[in-house]
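*Asks:* Could you have a look at this structure, given as structure tokens, before my questions?
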Amino acid sequence: MASLKVSYRSCSNTVSSRLTFLRDHSAPFSLSPLCKKVEVTQNGFPNTTISLPKLQLQALGKARATVLLSAKMAAGTVNEVFPPSLDSSSEPPPVFDGTTRLYISYICPYAQRVWIIRNCKGLQDKIKLVPIDLENRPAWYKEKVYSANKVPSLEHNNEVRGESLDLIKYIDSHFEGPSLFPHDPDKKEFAEELLSYTDTFNRAVISSFKGDGNEADAAFDYIEAALSKFEDGPFFLGQFSLVDIAYAPFIERFHPFFLDVKKYDIIAGRPKLADWIKEMDKNDAYKQTKGEPKELVEVLKKRFLAQT
Numbered sequence: 001m002a003s004l005k006v007s008y009r010s011c012s013n014t015v016s017s018r019l020t021f022l023r024d025h026s027a028p029f030s031l032s033p034l035c036k037k038v039e040v041t042q043n044g045f046p047n048t049t050i051s052l053p054k055l056q057l058q059a060l061g062k063a064r065a066t067v068l069l070s071a072k073m074a075a076g077t078v079n080e081v082f083p084p085s086l087d088s089s090s091e092p093p094p095v096f097d098g099t100t101r102l103y104i105s106y107i108c109p110y111a112q113r114v115w116i117i118r119n120c121k122g123l124q125d126k127i128k129l130v131p132i133d134l135e136n137r138p139a140w141y142k143e144k145v146y147s148a149n150k151v152p153s154l155e156h157n158n159e160v161r162g163e164s165l166d167l168i169k170y171i172d173s174h175f176e177g178p179s180l181f182p183h184d185p186d187k188k189e190f191a192e193e194l195l196s197y198t199d200t201f202n203r204a205v206i207s208s209f210k211g212d213g214n215e216a217d218a219a220f221d222y223i224e225a226a227l228s229k230f231e232d233g234p235f236f237l238g239q240f241s242l243v244d245i246a247y248a249p250f251i252e253r254f255h256p257f258f259l260d261v262k263k264y265d266i267i268a269g270r271p272k273l274a275d276w277i278k279e280m281d282k283n284d285a286y287k288q289t290k291g292e293p294k295e296l297v298e299v300l301k302k303r304f305l306a307q308t
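For the sequence shown, counting from 1, position 167 maps to 167 in the UniProt record's numbering; every step adds exactly one.
See below:
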């Protein structure tokens with residue numbers, strides 16, 4: 001298994017990033033895990049139901065069709081336009097023209113973190129999504145946008161910032177919308193502890209994919225205990241916060257994977273975690289970014305369990 005001694009805060013395919021789908025997306029991945037079926041407006045075929053992966057395949061990565069997805073957001077019900085991923089054949093956007101852009105990948109859990117907080121704060125009209133094809137990324141992304149050549153990154157006020165945990169804090173403090181970081185000193189301290197633990201959590205769970213699962217047990221027990229600390233709500237800090245956003249994309253993947261591959265239910269004997277998952281699934285801003293469980297499992301199987 002590849003070395004796991006890395007920082008789990010972005011998605012890249014650099015040589016130094018030896019991780020898996022959680023950091024290194026140089027290996028082939030299906031776009032479908034993070035794309036639900038949506039309504040696509042096409043000339044001659046109005047209201048045709050089609051998945052984003054099929055749309056991209058039909059257009060050979062050059063589609064510019066408008067993909068409409070309706071979702072309830074913090075600022076109300078909106079219709080958001082989801083563009084296809086930009087690849088090596090795509091022209092760059094007009095960088096540093098005053099537009100705030102969030103560069104993501106539809107398959108990256110780190111980018112999903114930042115996508116979620118953008119939605120939660122109702123910033124769909126303030127922060128434009130620019131999806132990047134990590135398997136065939138455009139050269140201009142590294143040259144003109146973000147020299148680290150990974151996602152997520154945020155173009156704001158003529159600067160580009162990266163690292164998912166830094167970005168969710170930045171968006172929370174620099175943009176309008178409800179604050180998702182606690183002011184209570186005890187909760188603030190615990191929030192920082194939990195955010196710092198995310199890398200350890202991911203490493204422990206991933207290392208158990210081919211093992212006996214003991215490390216994963218300890219990691220999920222830690223999560224259960226963390227969810228039990230505050231009793232004023234079902235989330236890590238009682239009320240919904242950046243901490244929930246930081247963990248959601250990974251638990252979203254780990255839960256169905258363990259059920260399928262290990263026949264192990266991570267919520268068995270962990271009622272707090274079970275309640276947390278149910279509550280997260282009620283969050284419309286998060287649901288817009290979710291993938292299909294069966295497809296998520298296949299991606300993880302291919303990445304971690306395929307014979308070499």
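Cβ atoms here follow ideal geometry from the backbone N, Cα and C, with glycine treated the same way.
Can you list, in chain order, the residues of its chain with a C-beta nearer than 8 angstroms to that of aspartate 232? Leave out the 5 residues immediately preceding and following it.
*Replies:* Correct list, in chain order: Gly238, Gln239.
*Asks:* Thinking residue 314 and valine 114 are a contact (beta carbons under 8 angstroms), I'd like their distance in whole angstroms, please.
*Replies:* The shown model of the chain, from 1 to 308, leaves out residue 314, and the question about it has no answer.
*Asks:* Which ranges would you report for the beta strand (DSSP E) in the stretch 124 to 209 if only whole runs of at least 3 residues count?
*Replies:* DSSP runs (the beta strand (DSSP E)) wholly in the stretch 124 to 209: 128 to 131, 153 to 156, 159 to 162.
*Asks:* DSSP three-state label for valine 299, please.
*Replies:* Here valine 299 sits in helix by DSSP.
*Asks:* Opposite isoleucine 104 in the DSSP bridges: which residues?
*Replies:* According to DSSP, isoleucine 104 bridges with Pro131.
*Asks:* Can the beta-carbon of alanine 226 be found closer than 8 angstroms to that of alanine 204?
*Replies:* Not in contact: alanine 226 and alanine 204 (Cβ atoms no closer than 8 angstroms).
*Asks:* Does DSSP classify glutamine 288 as helix, strand or coil?
*Replies:* Looking at glutamine 288 - three-state DSSP - the assignment turns out to be coil, as it is neither helix nor strand.
*Asks:* Secondary structure at glutamate 279, three-state DSSP: helix, strand or coil?
*Replies:* Three-state DSSP puts glutamate 279 in a helix.
*Asks:* List the whole-angstrom C-beta distance separating serine 85 from aspartate 133, where the pair is believed to meet the contact cut-off of C-beta under 8 angstroms.
*Replies:* Confirmed, Cβ separation roughly 4 angstroms.
*Asks:* Taking the straight line between their C-alpha atoms, what separation do you get for leucine 167 and asparagine 202?
*Replies:* Cα-Cα distance, rounded: 19 angstroms.
*Asks:* My assumption, with CB atoms under 8 angstroms, is that glutamate 155 sits in contact with threonine 200. Please give the rounded CB distance.
*Replies:* 30 angstroms between Cβ atoms; not a contact.
*Asks:* Cβ of serine 88 within 8 angstroms of Cβ of asparagine 136?
*Replies:* Result yes, Cβ atoms of serine 88 and asparagine 136 sit closer than 8 angstroms.
*Asks:* Can you check which of these residues, Glu252, Ser208, Leu194, is closest to lysine 229 by C-alpha distance?
*Replies:* Closest option to lysine 229, Cα to Cα, is Leu194.
*Asks:* Output the boundary residues of the alpha helix (DSSP H) element that contains phenylalanine 250.
*Replies:* From DSSP, the alpha helix (DSSP H) with phenylalanine 250 extends over 242 to 257.
*Asks:* Please name the residue, chosen from Cys11, Gly211, Glu224, that lies closest to glycine 269 on a Cα-to-Cα basis.
*Replies:* It is Glu224 whose Cα lies nearest to the Cα of glycine 269.
*Asks:* Does the beta-carbon distance from tyrosine 103 to cysteine 11 come in below 8 angstroms?
*Replies:* Result no, Cβ atoms of tyrosine 103 and cysteine 11 do not sit closer than 8 angstroms.
*Asks:* Assign proline 271 to buried or exposed, taking buried as 16 or more other Cβ atoms, counted over all protein chains shown, within 10 Å of its Cβ.
*Replies:* By the neighbour-count rule (16 or more Cβ atoms within 10 Å), proline 271 is not buried but exposed.
*Asks:* So which of Asn158, Asp281, Pro93 has the shortest CA-CA distance to leucine 129?
*Replies:* Residue Pro93 is the option with its Cα nearest to leucine 129.
*Asks:* Among all the DSSP beta bridges, which residues are the ones paired with glutamine 239?
*Replies:* The partner list for glutamine 239 (beta bridge, DSSP) reads Leu237.
*Asks:* Taking the C-alpha atoms as reference points, what is the distance between glycine 122 and isoleucine 171?
*Replies:* For glycine 122 and isoleucine 171, the distance between alpha carbons rounds to 11 angstroms.
*Asks:* So leucine 227 is in the alpha helix (DSSP H); what residue range does that whole segment cover?
*Replies:* Unbroken alpha helix (DSSP H) run through leucine 227: 214 to 227.
*Asks:* Using the Cβ count rule (16 or more neighbours within 10 Å means buried), how would you classify aspartate 244?
*Replies:* Buried, because 16 or more other Cβ atoms sit within 10 Å of the Cβ of aspartate 244.
*Asks:* With DSSP as the reference, please indicate the residues paired to cysteine 120 in a beta bridge.
*Replies:* Beta-bridge pairing links cysteine 120 to no other residue.
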